[in-house]
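Quick notes on the structure that follows.
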Amino acid sequence: MRDGPLAALDVVFAGQEGVFLTCEPGLADWLTAHGAPASTFDGVLGGREPAPR
1 MRDGPLAALD
11 VVFAGQEGVF
21 LTCEPGLADW
31 LTAHGAPAST
41 FDGVLGGREP
51 APR
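For the sequence shown, counting from 1, position 6 maps to 6 in our numbering; every step adds exactly one.
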């Protein structure tokens with residue numbers, strides 16, 4: 001996964017760690033399981049997950 005979407009995040013965020021935000025918990029879990037940092041909007045807004053930098 002580092003060669004695809006995560007490489008694109010690295011370019012956009014100039015070396016800082018980008019995070020995928022989604023409204024789908026299953027997608028966030030899948031992304032996380034495959035090494036991509038991901039959070040849900042509900043988790044971030046509800047204080048259960050840290051807000052991305």
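A virtual CB, placed ideally from N, CA and C, is assigned to each residue, including glycine.
In this text the structure is predicted, and so the values were computed from the model without any measurement.
| task | Determine which residues share a DSSP beta bridge with threonine 22 and list them. | result | DSSP output for threonine 22 lists Thr40 as bridge partner(s).
| said: Between the alpha carbons of glycine 18 and aspartate 29, how many angstroms are there, rounded? | reply: If you take the alpha carbons of glycine 18 and aspartate 29, they lie about 16 Å apart.
| DSSP three-state call for alanine 51: helix, strand or coil? | Reduced to three states, the DSSP call for alanine 51 is coil.
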